[in-house]
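The structure under discussion appears below in the form of structure tokens.
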Amino acid sequence: QVALSLDTAEGTGRRLAGLTVSGVGAELDFVKFDLSLNLVATSQGLHGALTYRADLWEPATMRRLVRHFGRLLEAAVAGPERRLSELRLLDDEERALVLHEWNAPPRQAPLRCVHELFVEQAARTPDAVAVTSGRAALTYAQLERRSAALARRLRRRGVRPETPVGLCVERSAEMVAAVLGILRAGGAFVPLDPQYPAERLAFLLADSGARLLLSDGAAGNRLAGFAGETLWLDGAGGEQEEAAEEAPRSHSPSPEHLAYVVYTSGSTGTPKGVAVTHGALANTLLVARDAFGFQPGDVVPSLASFAFDIWLFEALLPLLSGGSVRVVPRERVMDVAALVREIEGATVLHAVPALMRQVVDEVSAARGTLPGLRRAFVGGDAVPPELPGAMREAFPGAEVRVLYGPTEGTIICAAHRVSGGGGAVRHVLGRPLGSAPLYVLDGAGEPAPVGVPGELCIGGAALARGYLGRAELTAERFVPDPFATEAGQRMYRTGDRARWGADGVLEFLGRVDAQVKVRGFRIE
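In my numbering, the protein residues as written are 2 to 525.
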């Protein structure tokens, strides 16, 4: 409940012969409204007082409100012919704060692709374990040879940069080798979860334009009607293939070429493919590696479906750091007691909120386990405010972080380190990670002040190329970035409603549209 009063009757009853009358301030023990602004207009300007309920707002918030109101009045007087939406609430200092100071300096676009970074790591640690799945294990040297052999097989079948390759395999060490092999061949992998309905898998293959499908025996039965060529994974056999000539430079992928296409739902319910380049993928993973301190010897369970891009965080990031990926079978992911046993010995753990909640409850019921856990990440969906505190209690020796990032922003673009003990925290998205600048914009496309809601937009080099074959939708969501330092840069309108906290942490406030998420799936 808000009240505004303006007294313009200056001087009435104020001056008598030999007597000057002026007001005397008085402290208030109560307020009549949640927020009230009482102003008096004088020849020297506006004077007045703001009163508010102290259990609703903090003093710093009210000081910002007064400052923004003053800025608004100054802008109106300076340009009375302008529309209200054109008047800025921010002065230059606060504008620089939300646009630049709270956004890390942009990282220079990487000149190499992720598979090239992996090959360099494999040369440094050839005998270290790279991937495990059950009793199967591959060293870095074995994984490098196996992915190289697969890349040669794919090139012989015409795979070149920008060539979409469907990948439908069960969770195994071979799945990691297959992704690296497709990237090394120059192709763009299209992940197809064997658990999806056959109709959806067929649609994804047709929409992506993939004429080549890479699969294994069990998963391949889901796509018996595929009209293109199917290439079967042959495990260790491919590693023994005789060496072929290196691919011509024109056949090798560059950072601007397509790396993968991940599908999500569209406004009509039809899935839409998010097309991500090698450069955007490398940019995100390198920033995350440095920001989170991944290191040799880390053991990272891979729990997510590889049809979600967060799988790349779990599976490829450790391989750029000398760590080991533990591919957990789907049936053990679905059994939380078995899952906790499976991830014992892990040093880094990531899970979506629903799964992390079950892991936390299981660990708490067992009165502690996972003693070697150094870092625990939760993301991929809206994180309930009380979950990060519960993670801190369940994993007392681990650093807990909340991750945020839509697929169009290439996996993650913000993170929040949780401090303190248990209890609920704000519904945070975090601070910009450094792979992309983040903006909170009002309806006129101007930066919103601290504490004021707006639409969250993402800029920078880590943005996806757009939606595959959907030029109109791409133009609607990927728009010119008016705040970029270089011409031609774009930003992505996320549709997420957010605001800056006074500490520079972004808070999630819902959607600006009717979209919801259920277990990571977008539903319009």
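A virtual CB, placed ideally from N, CA and C, is assigned to each residue, including glycine. Owing to the predicted nature of the structure, the values given are computational and were not obtained by experimental measurement.
For E145, the enclosing alpha helix (DSSP H) starts and ends at Y141 to R157. Straight-line measurement puts the Cα of S37 at about 8 Å from the Cα of A50. Take the alpha-carbon of R212 and the one of G323: they are about 34 Å apart. Within the segment 368 to 410, the beta strand (DSSP E) runs of at least 3 residues that lie entirely inside it are, in chain order, 376 to 379 and 400 to 405.
Scanning its chain for C-beta atoms nearer than 8 Å, with the 5 sequence neighbours on each side dropped, one finds around A260 the residues C114, V115, L184, A189, F190, P254, V277, T278, H279, A281 and L282, in chain order. Here H69 is buried, its C-beta having at least 16 other C-beta atoms within 10 Å.
Counting C-beta pairs with one atom in each stretch, the segment 482 to 502 and the segment 358 to 366 have fewer than three that are closer than 8 Å, which means they do not touch. The beta carbon of G80 is closer than 8 Å to those of E87 and L88 in its chain, skipping five residues each way along the sequence. For the 8 Å CB-CB criterion, L215 and V177 do not form a contact. Where E59 is concerned, there is no enclosing beta strand (DSSP E), because DSSP gives it neither an H nor an E.
Among the bridge pairs identified by DSSP, E230 is matched with L213. With contact defined as three or more Cβ pairs closer than 8 Å, the segment 378 to 393 and the segment 342 to 360 are in contact.
Residues of the same chain with a CB within less than 8 Å of the CB of V419, apart from the 5 flanking positions on each side, are P389, G390, M392, R393, V401, R402, V403 and V426 in chain order. Judged by pairs of C-beta atoms under 8 Å, the segment 411 to 418 touches the segment 427 to 444, as three or more such pairs exist. Cβ atoms of A105 and P433 come within 8 Å of each other, at about 6 Å. Taking C-alpha positions only, F396 is separated from L374 by approximately 7 Å. Here Y468 is bridged, per DSSP, to V275.
Contact annotation: A97 and L139 have beta-carbon atoms that are not nearer than 8 Å.
A check of alpha carbon separations from D514 across V328, A305 and G455 identifies G455 as the nearest. Taking a cut-off of 8 Å for Cβ pairs, the segment 302 to 310 and the segment 345 to 353 touch, as three or more such pairs fall below it. Straight across, the Cα-Cα distance linking A485 with I459 is about 11 Å.
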